[in-house]
Amino acid sequence: MHWRQPAAARTMHDFLALAAAVQAHANVTDDKTTRWAAEVTTRKRSTEADAPGMFLALGAKDVADEVHSCVLHHGESGKERTVLVLRAEKRCVEGAVPVKEYLSRCRNHRVTHRSKIEGVGFSAGDFDVRVGRVENMQGSYAGAVIEIEYVPVTDAAQAAVVLEEFAGYLAEAVAAAEERRGLGGGTLAPTPEALTRSYGLDGALFEDAHLAVTYVHAVTNM
């Protein structure tokens, strides 16, 4: 899910206050925090050729008009993985070689938007929680991403009820913190259950493709 804050509250100070509210209610044991990050880049097909008389690159007709690339960083391991999200086709491209080959055919695409997500993660009993701030390509704060994982099970359907209850608890905590500071108007938007299903990811273990689809959905709706 993601937190969409009103324009007046889109500052680093407000993100830190939101993150503190989540940690105060969820990280009651003061568990060690870990760093994590991701970057979402949107490329759209250019309507004009690079120069007069140039032809479209071979294979360009097989490339989506809009391509979202999501780079996932694991702070502790230092490893990066890239997943391409093709929203019009409702599919993902994974793997270093397939991603590189697909991007090589995006010669007529231009970067139109870039968002960076950075934050911390911690354990809260049976739950793993990650809170990250979202910045646009101008460096302005746009909102926050809040992830909750129910560790005992890997089946999303089995964990749905517990996750919804925990998410509701966090939503109340964040809303109360915002209200105390006179910054009402923010909304906590859960990721639609049908989102990953539409990409054929339902029933599969929650992995990189799920994260990429979720991040793209979040940043494009902020």
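In terms of mature numbering (1 follows the signal peptide of the UniProt record, and there is no 0), the sequence shown is residues -24 to -1, 1 to 198. Just so you know, even glycine gets a beta-carbon here, dropped at the ideal spot from N, CA and C. Fair warning: this is a prediction, and the values are worked out from it, not measured in the lab.
Straight-line Cα distance separating Cys68 from Leu139: In the sequence shown, residue 139 corresponds to position 163, counting from 1. In the sequence shown, residue 68 corresponds to position 92, counting from 1. Each residue's Cα considered, the two are about 25 Å apart.
Measuring straight from C-alpha to C-alpha, what distance separates Leu79 and Val59? Start at 1 with the first residue of the sequence shown, and residue 79 comes out as number 103. Start at 1 with the first residue of the sequence shown, and residue 59 comes out as number 83. Those two C-alpha atoms are separated by around 11 Å.
Sequence-distant residues of its chain with Cβ nearer than 7 Å to Gly97 (five each side left out): Sequence index remark: in the sequence shown, residue 97 carries index 121 (1-based). So the list reads Thr9, Thr10, Trp12, Asp104, Val105, Arg106, once near-sequence residues are dropped.
Just to confirm my understanding: we take Tyr175, look at its own chain, exclude 5 residues before and 5 after, and list those with CB closer than 6 Å. What are they? Taking the first residue of the sequence shown as 1, we reach residue 175 at position 199. So the qualifying residues of the chain are Lys66, Val189.
Pro166 versus Ala180 - alpha carbon distance: Counting from 1 along the sequence shown, the entry for residue 166 is found at position 190. Counting from 1 along the sequence shown, the entry for residue 180 is found at position 204. About 20 Å.
Using the three-state DSSP reduction, which class does Lys92 fall into: helix, strand or coil? Position 116 of the sequence shown, counting from 1, holds the residue named residue 92. In the structure shown, Lys92 sits in a strand (DSSP, three-state: E or B).
Nearest-angstrom Cα distance between Met198 and His89? Counted from its first residue, the sequence shown places residue 198 at position 222. Counted from its first residue, the sequence shown places residue 89 at position 113. So the alpha carbons of these two residues sit roughly 12 Å apart.
Would Glu56 and Lys20 be called neighbours here (beta carbons separated by less than 9 Å)? What you label residue 56 is simply residue 80 of the sequence shown in a count that begins at 1. What you label residue 20 is simply residue 44 of the sequence shown in a count that begins at 1. No.
Please check the pair His44 and Thr23, which I expect to be a contact at CB under 8 Å, by giving their CB distance rounded to whole angstroms. As a working note, residue 44 is residue 68 in the sequence shown. As a working note, residue 23 is residue 47 in the sequence shown. Taking the Cβ atoms as the reference, His44 lies roughly 19 Å from Thr23, outside the contact range of under 8 Å.
With a CB to CB cut of under 7 Å and the five nearest residues on each side skipped, what residues in its chain are close to Ala33? Taking the sequence shown and counting its residues from 1, one reaches residue 33 at position 57. Because the pLDDT at Ala33 is just 48, under 50, the model does not fix this residue reliably, and the value given afterwards should be weighed accordingly. Taken in chain order, the residues that qualify are Arg81, Arg83, Asn84.
Can you tell which of Ala143, His186, Glu148 has the C-alpha that lies nearest to the C-alpha of Tyr126? As a working note, residue 126 is residue 150 in the sequence shown. Comparing Cα-Cα distances from Tyr126 to each of Ala143, His186, Glu148, the minimum goes to Ala143.
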